[in-house]
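Enquirer: Starting off with a structure, shown below.
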Amino acid sequence: MKTIGYAAQSAGDTLAPWEFERRDLRPNDVAMEVLYCGICFTDIHQVQDDWGWGIFPMVPGHEIIGRVIDVGEDVSQFKKGDTVAVGCMVDSCLECDQCHHGEEQFCREGMTLTYAGRDRITGETTQGGYSKHLVCREEFVLHIPDGLDLSRAAPLLCAGITTYSPLRHWNIGPGSQVGVIGLGGLGHMAVKLAAGLGADVTVLSRTEDKEADARDLGADGLLVSSDAAAMEAAQSSFDLIIDTIPVKHDLTPYLRLLDVGGGLVLVGQIGPIEEMDSEPVVMGRRCIVGSAIGGIAETQELIDFCAKKNILPECEVINISEVNDALERLKRSDVRYRFVIDMASLAAP
Ligand SMILES: [Zn+2]
Ligand SMILES: [Zn+2]
1 MKTIGYAAQS AGDTLAPWEF ERRDLRPNDV AMEVLYCGIC FTDIHQVQDD
51 WGWGIFPMVP GHEIIGRVID VGEDVSQFKK GDTVAVGCMV DSCLECDQCH
101 HGEEQFCREG MTLTYAGRDR ITGETTQGGY SKHLVCREEF VLHIPDGLDL
151 SRAAPLLCAG ITTYSPLRHW NIGPGSQVGV IGLGGLGHMA VKLAAGLGAD
201 VTVLSRTEDK EADARDLGAD GLLVSSDAAA MEAAQSSFDL IIDTIPVKHD
251 LTPYLRLLDV GGGLVLVGQI GPIEEMDSEP VVMGRRCIVG SAIGGIAETQ
301 ELIDFCAKKN ILPECEVINI SEVNDALERL KRSDVRYRFV IDMASLAAP
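Following this line, the structure appears as structure tokens:
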């Protein structure tokens, strides 16, 4: 199938229209027209080849909402016209222990990324959702329930599941005390989802100017991390802190805020962790852990939870022609809180 997307032809290029082929349907494939695609900070890292394993030309995008236009002969869960979604992965072995217990993102053979990955069968480069059409095996396609605002649902597929999965893993619910560091695309979803699960939520910020925004998103308060007295008073008060800061920073001040047995969850790649004090970790069994997206079943659970509770990302919807400008603005954190591309603005080839 001939299609069109916005691609970087080489590392660091601006994105420009590019015609390419989507594979013919395998028996277990779903073909969709992409309706909306969110813009994630990962897209910037990948286009710039910050991690050194980008494959070019590259069509980014892993927060995808689509409508089914065709299905392979063995597909049983989807039919033409269904509203569907695809997130950060499009395949895995589905046979290892991790895949069997529903954490395909930790597949022993490695998940296949939605873009800048290699197809498990042909080895061809995967291309993402800044495109008119997408083909994905049935097991990695998600259902979008009726009534969910499609123009705002896309960020659930990365920002949403990335913050929901640790909340669920740590059994966050009514009575839980949750801290959220950073109030960007991931952080604002962490606030909404933790509040939606019934937790008391505090945003941690260097300055107090984010307090009104934090409360608007559902937080109960804001803790100013540069205020030594406030930080001292908040020691041992959180069950879980979700740290969404995407760059290197000192973790020690946050560890002391955790209650005994509490966890500081990193959801961004921050590189080497600075020297830190072991005392709060040892004396209180506190831990630093990481978390990466979530499995397919858990992603479906998140989507259904958000539909039921009417929890949706705050989005700025743009046309595809504005995508390069949006990436520049995202680098400056100049967005509330997630860009979503309306793919109707991209004409089919
Ligand atoms: Zn992402
Ligand atoms: Zn596997």
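In the UniProt record's numbering, the protein residues as written are 1 to 349.
All residues carry an ideal CB built from backbone N, CA and C; glycine is no exception.
At the level of alpha carbons, what is the spacing between Lys-309 and Gly-196?
Expert: The sequence position of residue 309 within the sequence shown is 309, counting from 1. The sequence position of residue 196 within the sequence shown is 196, counting from 1. Whole-angstrom Cα-Cα distance: 7 Å.
Enquirer: Is the distance from the Cβ of Ile-181 to the Cβ of Asp-243 below 9 Å?
Expert: Locating residue 181 in the sequence shown gives position 181, counting from the first residue. Locating residue 243 in the sequence shown gives position 243, counting from the first residue. It is a contact, given that the beta carbons lie within the stated cut-off.
Enquirer: Can you grab the Cα-Cα spacing for the pair Glu-21 / Asp-43, in whole Å?
Expert: Looking up residue 21 in the sequence shown gives position 21. Looking up residue 43 in the sequence shown gives position 43. Between the alpha carbons of Glu-21 and Asp-43 lies a gap of roughly 21 Å.
Enquirer: Can you have a look at Met-283 and say buried or exposed, based on whether 16 or more other CB atoms are within 10 angstroms of its CB?
Expert: For this step, residue 283 is matched to residue 283 along the sequence shown. That one is exposed.
Enquirer: Shorter than 8 Å, the distance from the beta carbon of Asn-298 to the closest heavy atom of ligand 1, or not?
Expert: In the sequence shown, counting from the first residue as 1, residue 298 sits at position 298. The question names Asn, but residue 298 in the sequence shown is Glu. Outside the cutoff, so no.
Enquirer: Taking 8 Å as the threshold, find out whether the region 186–205 comes into contact with the region 309–328 through three or more Cβ pairs.
Expert: Three or more pairs of CB atoms, one per stretch, sit closer than 8 Å, so the region 186–205 contacts the region 309–328.
Enquirer: Distance check for Arg-118 and Glu-109, CA to CA, integer angstroms please.
Expert: Here residue 109 is taken as the residue at index 109 of the sequence shown, counted from 1. Here residue 118 is taken as the residue at index 118 of the sequence shown, counted from 1. Cα to Cα, Glu-109 sits roughly 12 Å from Arg-118.
Enquirer: Spatial neighbours of Glu-208 within its chain, please: CB distance less than 7 Å, with the 5 preceding and 5 following residues excluded, ordered by chain position.
Expert: What you label residue 208 is simply residue 208 of the sequence shown in a count that begins at 1. Hits under 7 Å: Leu-222 and Val-224.
Enquirer: Cβ atoms of Ala-199 and Leu-167: under 9 Å apart, would you say?
Expert: Counted from its first residue, the sequence shown places residue 167 at position 167. Counted from its first residue, the sequence shown places residue 199 at position 199. Cβ atoms of Leu-167 and Ala-199: closer than 9 Å.
Enquirer: How is Asn-324 classed by DSSP in three states: helix, strand or coil?
Expert: Position 324 of the sequence shown, counting from 1, holds the residue named residue 324. In this structure, Asn-324 counts as helix in the three-state DSSP scheme.
Enquirer: List the endpoints of the continuous beta strand (DSSP E) containing Ser-205.
Expert: Position 205 of the sequence shown holds residue 205. 200–205 is the span of the beta strand (DSSP E), which, as asked, contains Ser-205.
Enquirer: Measure the beta-carbon distance from Gly-128 to Tyr-115 and round it to whole angstroms, keeping in mind my assumption that it falls under 8 Å.
Expert: As a working mapping, residue 128 is identified with position 128 in the sequence shown. As a working mapping, residue 115 is identified with position 115 in the sequence shown. About 3 Å separates the two Cβ atoms, so the contact holds.
Enquirer: Does any heavy atom of ligand 1 sit closer than 8 Å to the C-beta of Cys-37?
Expert: To locate residue 37, count along the sequence shown from 1; it is residue 37. Taking the Cβ of Cys-37 as the reference point, every heavy atom of ligand 1 lies at 8 Å or farther away.
Enquirer: Any heavy atom of ligand 1 inside 8 Å of the beta-carbon of Cys-88?
Expert: Residue mapping note: residue 88 aligns to position 88 of the sequence shown, counting from 1. Yes, the beta carbon of Cys-88 sits closer than 8 Å to at least one heavy atom of ligand 1.
Enquirer: In angstroms, rounded to a whole number, what distance separates the CA positions of Ile-64 and Leu-134?
Expert: As a position in the sequence shown, residue 64 is number 64, starting the count at 1. As a position in the sequence shown, residue 134 is number 134, starting the count at 1. Those two C-alpha atoms are separated by around 9 Å.
Enquirer: Specify whether the region 2–17 and the region 45–64 touch according to this definition: at least 3 beta carbon pairs, one from each stretch, less than 8 Å apart.
Expert: A contact between stretches requires three or more CB pairs, one per stretch, nearer than 8 Å, and the region 2–17 meets this requirement with the region 45–64.
Enquirer: Starting from Phe-238, trace the beta strand (DSSP E) both ways and give me its first and last residue.
Expert: For the purposes of this step, residue 238 is identified with residue 238 of the sequence shown, where counting begins at 1. Per DSSP, Phe-238 belongs to the beta strand (DSSP E) from 238–243.
Enquirer: Does DSSP put Phe-56 in a helix, a strand or coil?
Expert: Here residue 56 is taken as the residue at index 56 of the sequence shown, counted from 1. Phe-56 falls in the coil class under three-state DSSP.
Enquirer: By Cβ distance, which residues of its chain are closer than 8 Å to Arg-137, with the 5 residues on each side in sequence left out?
Expert: To locate residue 137, count along the sequence shown from 1; it is residue 137. Cβ neighbours of Arg-137 beyond the five flanking positions: Arg-26, Asn-28, Asp-29, Val-30, Val-90 and Asp-91.
Enquirer: To the nearest angstrom, how far is the alpha carbon of Met-343 from that of Arg-67?
Expert: Indexing the sequence shown from 1 puts residue 343 at position 343. Indexing the sequence shown from 1 puts residue 67 at position 67. Roughly 12 Å separates the two Cα atoms.
Enquirer: Relative to the C-alpha of Leu-204, which residue among Gly-179, Ala-212 and Arg-215 is closest?
Expert: Counting from 1 along the sequence shown, the entry for residue 204 is found at position 204. Residue Gly-179 is the option with its Cα nearest to Leu-204.
Enquirer: With respect to 8 Å, is the separation between the Cβ of Glu-275 and the closest non-hydrogen atom of ligand 1 below this value?
Expert: Indexing the sequence shown from 1 puts residue 275 at position 275. It does not: the Cβ of Glu-275 is nowhere closer than 8 Å to a heavy atom of ligand 1.
Enquirer: For Pro-280, is the classification buried or exposed, using 16 other Cβ atoms within 10 angstroms of its Cβ as the cut-off for buried?
Expert: In the sequence shown, counting from the first residue as 1, residue 280 sits at position 280. Burial call: buried.
Enquirer: Any heavy atom of ligand 2 within a distance shorter than 8 Å of the CB on Cys-40?
Expert: Numbered from its first residue, the sequence shown carries residue 40 at position 40. Checking every heavy atom of ligand 2 against the Cβ of Cys-40, none is found closer than 8 Å.
Enquirer: Within 10 angstroms of its Cβ, does His-188 collect 16 or more other Cβ (buried), or is it exposed?
Expert: Against the sequence shown, residue 188 aligns to sequence position 188. That one is buried.
Enquirer: When DSSP labels each residue in this structure, what does Arg-338 get in the three-state scheme?
Expert: Counting from one through the sequence shown, the residue named residue 338 turns up at place 338. Of the three classes helix, strand and coil, the one that applies to Arg-338 here is strand, per DSSP.
Enquirer: Following a CB-centred definition, is Arg-108 positioned closer than 8 Å to any heavy atom of ligand 2?
Expert: Position 108 of the sequence shown, counting from 1, holds the residue named residue 108. Arg-108: yes, Cβ under 8 Å from ligand 2.
Enquirer: Any heavy atom of ligand 1 within a distance shorter than 8 Å of the CB on Ala-159?
Expert: Locating residue 159 in the sequence shown gives position 159, where the first residue counts as 1. At least one heavy atom of ligand 1 is nearer than 8 Å to the Cβ of Ala-159, so yes.
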